[in-house]
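Working notes for the structure below.
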Amino acid sequence: MRPPAVPTPQEDPVVTPLDLPGRTTTPAVPATFLAGKDSPRREPVVPQRAEPEQTAPAPSAGRPDAAPAGRGPAGAGRRGAAAPGSTAPAAAGPVSPEASATAAPGIAADAAQAGALRLPEAPLPPSEVDRLVSGAHHDPHALLGAHPTNGGTAIRVLRPFAERVVVETGQGPAELTHQQNGLFTGLLPGSGLQRATLAEHRLLVTYPGGGPLPQYDGYRARPTLGELDLHLISEGRHEQLWRALGSHLRTVDGVDGTAFAVWAPNAAGVRLIGDFNHWDGTGHPMRSLGSSGIWELFVPGLAEGTQYKYEIRTRDGRTLDKADPLARATQCPPGTASVVTSSSYTWQDDDWMARRARVVHHRAPMSVYELHLASWRPDLTSYREIAEVLPGYLEELNFTHVEFMPVMEHPFGGSWGYQVSGFYAPTARLGGPDDFRHLVDTLHRHGIGVIVDWVPAHFPKDDFALARFDGEPLYEPADPLRAEHPDWGTLEFDYGRTEVRNFLVANAVYWCEEFHIDGLRVDAVASMLYLDYSREGGAWTPNQFGGRENLDAAAFLQEMNATVYRRCPGVITIAEESTAWDGVTRPTDSGGLGFGLKWNMGWMHDSLVYISKEPVHRKYHHNEITFSMVYAYSENYVLPISHDEVVHGKQSLVSKMPGDWWQQRANHRAYLGFMWAHPGKQLLFMGQEFAQGAEWDHEHGPQWWVLADDWPGAADHRGVRELVRDLNGAYLEAPALWEQDTTPDGFRWLDGGAAEDNLLSFVRYAADGTPLVAVCNFSPVVRHGYRVGLPTLAGSEQLWEEALNTDAEAYGGSGIANSSPVKAEKVSWNGQDRSAELVLPPLATVWLRPA
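Residues in the sequence shown are numbered consecutively from 778, following the numbering used here.
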């Protein structure tokens, strides 16, 4: 007689403690079967019961498979906190002496009733069992599953806490014998089961208090990584590394489950722990795939949403619980577990992606709004809520791109995302990966490009993350002088290690391919390029030539840029690099690092020094506002007023300005007019578009209330925001401001030396020669009849008009303007054949275009 009918096999080895008469604690029943076959998210069912014992009793003679001494119940509190709002799985208690003593007779009785054949044992040497159950075995698949041996097929199954294991064979059910520590074995005559597929190798596992439960044996599965994957990884050339490593829903021999793979070459053993086994990895050891350093396991029945980590046994005997470096989803912090995920998102941005592939960024407009997603609108608590508001806001202000501060998972919110623990996972604080895809997709459908900050310069030392991942330096250099980042208390990457470089290059590709990101702004490039960065003499190790350059980092950046540009048409990479390193934006085939753009930190610093001075003192700092043009074409630049300039006591942009409130706003507007007209793309951090007075606070976000009707100065702030809208609008309509950003043909000084007047004037040219003139009056006085040279226009009219005036009343200015049109006279001035006498408003920038 066969065992009683059971549900269709769909294994999830989660065990839930149950109470039985006369027992203090008992093993558990797999939650998959308690939840039912069709449950979309199989959470453990936790009955009311007394707390389990916290220490494992000594195993009895009749059933020596109690939990290993000293481990105790493995719960989420130790392994990884549950996400807010979720229920942590109950801890699995150890087997009590009473349960162990009575287990064997129960098995014999059940076997007689079920008619299952009791197989002879196929024991393993005790030393092999010890290595297996302690998590120190490199190849558990060589022991577990079905293997040919003298006289037939040896079947071995590791099921801690089970009372009985029956394997279904072609001749009917056959019961395995418990050897020790949850290892069940049997010798089946013949070789039929050796040739069986995974789907044909079904187990019936009985836990105390329950009936036989159908499970598949994952140790019958072949490796889910192929030879090509392993070869590419060993060569450091797996450009889609996330498709090989990490966790992936798979169907193996008709059986659904999840495949796991992790690189840990120094580990003595690796086991899988998670909410499906109460964070006890005894029953889920992984196998090593040879010299690749990769450990792999397929677990039938595990579905999307499963939380997990890797339990790594180090060579010196320690046990580390580590999140998956290639996890594509995570628990919401403070939880630290990785989460199995699979995308079902359908993109709707085909038109955008096709247009993007044709764009030449150096000859296209780019006006970037930088923001911190979690604090931009604190009342919007998800990617999808933000997607309902942000695209319209950016459209209204005519920005072409948005730049997100790091969206990768990070444990500490106060790092703003710059200390990344989950390089392949969007932060779960705002939703899942498909929710982030929806945000990017929505922005694209509104015509907004998406740039994300990417941080390959360093990573935090948190125990659950990359630091000493397998017990030894792995992602970081072994040399502590190179590993420690002195500024941030973090660790730097070992850019010279093949697998680490592959991890980072593939990560850059991942965000562009999987999330349709349009640009990567690479953070802290200078700290990567110099071995002595922020290090005193003697605290750094030179390169092989005795120099201070980090040649491995430079080679990594070249490979990253070349790979991204080859694989992802239309993507732009941007370097935050503050030194004079030569060729940051030069192509890699010409010896450069290969970035598309570089933040112009020199322009930012010098121009802010100038504009922060009282007007009476500005003439002594005139070179600060003009010096940027000396090197403007040495690289391809972005002009950044970023988050870094409005925190840590640096004040907001408007608060940097001298004078009373009216003068501060006037200086703010004049400065933005100068910035938008200067060669280079531009970036403005959130809150500065409406001149908020306070620094940015990541917990509270921008001061949106200053725009409300009941705020006394609301009109002043709205006026600045209207200026930003019109600056972007005029910028988009004037190819002279962006077509020749990277060539000297696009710029000419009219008067860059009027220091006594606090005045600048220059011409920008489009590719077809169409000019736009910018005149900046950084003094608080109105200048009547101020003659400015003007380029000669085609035709006889020679008429000009104001394209923009930052002193307009609509922006909160005094409303002083030039009558339109302005006629250029045939009076040579500023090196031009023609000129005109203009009225220059106080603390204002005026743009003139052909009428």
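The beta-carbon is built from N, C-alpha and C at its ideal position, and this holds for glycine as well.
{"Item": "Grouping DSSP H, G and I as helix and E and B as strand, with all else coil, what is P1392?", "Value": "helix"}
{"Item": "If you check the beta carbons only, do Y1588 and L1460 fall under 8 Å apart?", "Value": "no"}
{"Item": "If you follow the alpha helix (DSSP H) that Y1160 is part of, which residue opens it and which one closes it?", "Value": "Y1160 to E1173"}
{"Item": "Identify every residue that forms a DSSP beta bridge with M1185.", "Value": "P1203"}
{"Item": "Nearest by alpha-carbon distance to Y1508: which of A1100, L1174, P897 and Q1108 is it?", "Value": "L1174"}
{"Item": "Measure the Cβ-Cβ separation of D1300 and H1221 and say whether it is below 8 Å.", "Value": "no"}
{"Item": "May I have the straight-line CA-CA distance separating F1241 from G1296, to the nearest angstrom?", "Value": "29 Å"}
{"Item": "By alpha-carbon positions, which one of G1067, G1060 and H1061 ends up nearest to W1040?", "Value": "G1067"}
{"Item": "Kindly indicate which residue of G1368, G1082, V1282 and Y1310 has the alpha-carbon position closest to the one of S1355.", "Value": "Y1310"}
{"Item": "S873 by DSSP, collapsed to three states: which one?", "Value": "With a pLDDT of 30 at S873, under the threshold of 50, the predicted position of this residue should be treated as unreliable, and no value is reported."}
{"Item": "Just curious, the beta strand (DSSP E) that G963 is in, first and last residue?", "Value": "L960 to L965"}
{"Item": "Could you name the residues of the same chain whose beta carbon sits closer than 6 Å to that of T983, not counting the 5 residues immediately before and after it, in chain order?", "Value": "E940, R941 and P989"}
{"Item": "Over what stretch of residues does the alpha helix (DSSP H) that includes S1304 continue unbroken?", "Value": "V1302 to L1306"}
{"Item": "With a threshold of 7 Å on Cβ separation, who are the neighbours of H1445 within its own chain once the five nearest residues in sequence on each side are excluded?", "Value": "L1430, V1431, M1434, A1468 and V1497"}
{"Item": "Suppose contacts are defined by Cβ-Cβ distances below 8 Å. Is D1518 in contact with Y1542 by that definition?", "Value": "no"}
{"Item": "May I ask which residues mark the beginning and end of the beta strand (DSSP E) holding A919?", "Value": "Here A919 belongs to no beta strand (DSSP E), and DSSP marks it neither H nor E."}
{"Item": "Which word fits Q1465, buried or exposed, when buried means at least 16 other C-beta atoms lie within 10 angstroms of its C-beta?", "Value": "buried"}
{"Item": "Would you kindly work out how many angstroms separate the C-alpha atoms of W1694 and G1450, rounded to a whole number?", "Value": "The question about residue 1694 has no answer, for the chain in this structure spans 778 to 1628."}
{"Item": "DSSP beta-bridge partners for F1524?", "Value": "R1541"}
{"Item": "Is there contact between the segment 1112–1126 and the segment 1094–1104, where contact requires at least three CB pairs shorter than 8 Å?", "Value": "yes"}
{"Item": "By a C-beta neighbour count over all protein chains shown, 10 Å radius and 16 as the cutoff for buried, is P903 buried or exposed?", "Value": "exposed"}
{"Item": "With DSSP run on the structure shown, which of helix, strand or coil describes Y1408?", "Value": "coil"}
{"Item": "Given a cut-off of 8 Å on the beta-carbon distance, is the pair L1007 and N1279 in contact?", "Value": "no"}
{"Item": "To the nearest angstrom, report how far apart H1425 and H1475 are at their CA atoms.", "Value": "12 Å"}
{"Item": "Rounded to whole angstroms, what's the CA-CA distance from T1365 to L1549? Just pull it up for me.", "Value": "34 Å"}
{"Item": "Can you have a look at T974 and say buried or exposed, based on whether 16 or more other CB atoms are within 10 angstroms of its CB?", "Value": "exposed"}
{"Item": "Write down the C-beta distance between L1527 and W1453 rounded to the nearest angstrom, noting that I regard them as a contact closer than 8 Å.", "Value": "Not confirmed; about 17 Å, so no contact."}
{"Item": "Does DSSP put Q787 in a helix, in a strand, or in coil?", "Value": "Model confidence at Q787 stands at a pLDDT of 37, short of 50, so the residue's coordinates are unreliable; what they give is reported in the following sentence. Here Q787 sits in coil by DSSP."}
{"Item": "Between which two residues does the alpha helix (DSSP H) carrying P1155 extend?", "Value": "Segment: none, P1155 is in no alpha helix (DSSP H) and carries neither H nor E."}
{"Item": "According to DSSP, is G1226 helix, strand or coil?", "Value": "strand"}
{"Item": "Classify T1035 as helix, strand or coil using the three-state DSSP reduction.", "Value": "strand"}
{"Item": "Taking the Cβ atom as the reference point for each residue, do H1187 and M1143 lie within a distance shorter than 8 Å?", "Value": "no"}
{"Item": "Take the Cβ of S1120 as the centre, count every other Cβ of all protein chains shown within 10 Å, and call the residue buried at 16 or more, exposed below.", "Value": "exposed"}
{"Item": "Could you name the residues of the same chain whose beta carbon sits closer than 6 Å to that of L894, not counting the 5 residues immediately before and after it, in chain order?", "Value": "A951"}
{"Item": "If you draw a straight line from the C-alpha of G1436 to the C-alpha of E1391, how long is it?", "Value": "7 Å"}
{"Item": "Quick one: what's W1072 bridged to in DSSP?", "Value": "V1039 and S1065"}
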